[in-house]
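J.: Per our numbering, numbering through the sequence shown is continuous, rising by one, with the last residue being 798.
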Amino acid sequence: EKDDCIEGMRKMTELIDGFKASKALFTASELHVFDMLRSSKTGELQVEDVAREIKASVKGTERLLEACVSLGLLQRKGKEYTNSELSRRFLLSDASYSLQGYIQHCNEMVWPLFSYLESAVKEGTNQHEKAFGKTSDNLFQDTYYSRNEVKLRFMKAMHSIAIVSSRDVAMAFDLSQYTTACDLGGCTGAMAYEFVKVHPGLSVTVFDLPEVIEMSDHFRPHDADNRVSFVAGDFFKDELPKADIYILARILHDWSDEKVHILLSKISKACSSGGCVLVSEIFLDEDRTGPGRGLLQALSMTEGIQRSASEYSFLLKSQGFTTTHVKHTHNILDAMLCVKEGLGNQ
Ligand code: SAM
Numbered sequence: 453e454k455d456d457c458i459e460g461m462r463k464m465t466e467l468i469d470g471f472k473a474s475k476a477l478f479t480a481s482e483l484h485v486f487d488m489l490r491s492s493k494t495g496e497l498q499v500e501d502v503a504r505e506i507k508a509s510v511k512g513t514e515r516l517l518e519a520c521v522s523l524g525l526l527q528r529k530g531k532e533y534t535n536s537e538l539s540r541r542f543l544l545s546d547a548s549y550s551l552q553g554y555i556q557h558c559n560e561m562v563w564p565l566f567s568y569l570e571s572a573v574k575e576g577t578n579q580h581e582k583a584f585g586k587t588s589d590n591l592f593q594d595t596y597y598s599r600n601e602v603k604l605r606f607m608k609a610m611h612s613i614a615i616v617s618s619r620d621v622a623m624a625f626d627l628s629q630y631t632t633a634c635d636l637g638g639c640t641g642a643m644a645y646e647f648v649k650v651h652p653g654l655s656v657t658v659f660d661l662p663e664v665i666e667m668s669d670h671f672r673p674h675d676a677d678n679r680v681s682f683v684a685g686d687f688f689k690d691e692l693p694k695a696d697i698y699i700l701a702r703i704l705h706d707w708s709d710e711k712v713h714i715l716l717s718k719i720s721k722a723c724s725s726g727g728c729v730l731v732s733e734i735f736l737d738e739d740r741t742g743p744g745r746g747l748l749q750a751l752s753m754t755e756g757i758q759r760s761a762s763e764y765s766f767l768l769k770s771q772g773f774t775t776t777h778v779k780h781t782h783n784i785l786d787a788m789l790c791v792k793e794g795l796g797n798q
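1) Just confirm the distance between the C-beta atoms of Phe659 and Gly685, as a whole number of angstroms; I'd bet it's less than 8 Å.
2) Taking buried to mean at least 16 other C-beta atoms within 10 Å of its own C-beta, is Ser717 buried or exposed?
3) In the DSSP assignment, the alpha helix (DSSP H) including His580 goes from what residue to what residue?
4) Distance, Cα to Cα, Ala476 vs Ser588?
5) For Ser732, does the three-state DSSP call read helix, strand or coil?
6) Contact check, Val621 vs Ser732 under 8 Å by CB: the rounded distance?
7) Where does Leu526 land, buried or exposed, given buried means 16+ other C-beta within 10 angstroms?
8) Run through DSSP, which three-state label would Asn783 get?
9) Under the three-state reduction of DSSP, which class applies to Phe688: helix, strand or coil?
10) Considering only C-alpha positions, which residue in the set Glu560, Met561, Leu538, Asp455 is nearest to Ser550?
11) Quick check: the segment 560 to 578 against the segment 630 to 648, are at least 3 beta-carbon pairs closer than 8 Å?
12) For Gln798, I'd like the list of residues in its chain whose CB is within less than 7 Å of its CB, leaving aside the five on either flank, ordered along the chain.
13) Using only the alpha-carbon positions, how far apart do Glu500 and Ala480 sit?
14) Figure out for me which residue from Met667, His782, Ile734 has the closest Cα to the Cα of Arg799.
15) Would you tell me roughly how many angstroms separate the C-alpha atoms of Phe688 and Val650, rounded to the nearest one?
16) Taking C-alpha atoms, which residue in Leu730, Ala750, Gly742 lies nearest to Trp707?
Here you go:
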């Protein structure tokens, strides 16, 4: 009884304080604490040096650094602070798995929205107008791509998550029978570059809005493979490139069932029999009790819907695609493969 109570109390305080931990991480990242510690000669600094470098008060810096130590983001020996293994891997701006872009997006975009969660729940609508002073009918064109600075930040956020998750998605299925893929809403191309690395016989066309495609050079890897190409267009209005596989990574959750049907029916028309759709999303448990990442994201109250694998399968089935494989990757994104039925099966 007593142990249960202590465990329950621990869980409750963790939940209550969760927002403080997020904001401490966002602030340290925003103030470049991790990059700055790394760039110092010895990789370790005292509070006064850090405060001077980040142009902040000594008192505030000390409290931030101590909080970061408690969260496992920094280490402290005597008076010296250094980056922890976790921050070296994920928080330095040039780390291979840097989450800096995603952290910045959460701090600038998601945090303000979540401060209006009560209204969002009462009204069942997104709170862009309250948080940013303007409505957002189309999340991408009205919000993310309205200003260059915001667009680049959003693209960096997508890029950081794609870099961390794309290998598991690319490896999820044997795609050796296919030669062409089209990554719809493929953004910076991070997923596409991983697919061609994993599948030597595959070429991938990244299809995204013109505003995004014009920035793709910013994200071109040093060893960019020329089997990845970029095409600008609107996947609701324009003709889709022909391909054997259509990749939809983190696309369908942004849209209502009605819009998903429009998109899938366009794919179905462009796709030859035997071709397929590869959907990559966080798949909700079938009883919608988890995972928290998907259910918490749904609280941003966009027109999108978080769905389970069978809910995605149902939408795909109505456009002539049969789900043949579902893979829970245990990384950020799961994946499923849905094959277009031949004429005889329709
Ligand atoms: N697939 C990428 C990934 O997993 O990292 C990006 C996912 S992001 C949530 C959604 C992408 O869809 C953005 O790159 C956005 O520009 C693109 N998008 C939104 N509406 C679109 C449209 N109408 N036509 C083409 N692309 C669109």
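No residue lacks a Cβ here, since even glycine has one placed at the ideal position from N, Cα and C.
Quick caveat: nothing in here was measured; it's all calculated off a predicted structure.
T.: According to the data block:
1) 6 Å
2) exposed
3) In the DSSP assignment, His580 falls within the alpha helix (DSSP H) that extends over 580 to 584.
4) Whole-angstrom Cα-Cα distance: 29 Å.
5) strand
6) 5 Å
7) buried
8) coil
9) coil
10) Cα-wise, what sits closest to Ser550 is Leu538.
11) no
12) Bear in mind that the predicted position of Gln798 carries a pLDDT of just 39, short of 50, making it unreliable; the figure below should be weighed with that in mind. Hits under 7 Å: Gly772.
13) 15 Å
14) Outside the shown range of the chain (453 to 798) lies residue 799, about which nothing can therefore be said.
15) 29 Å
16) Ala750
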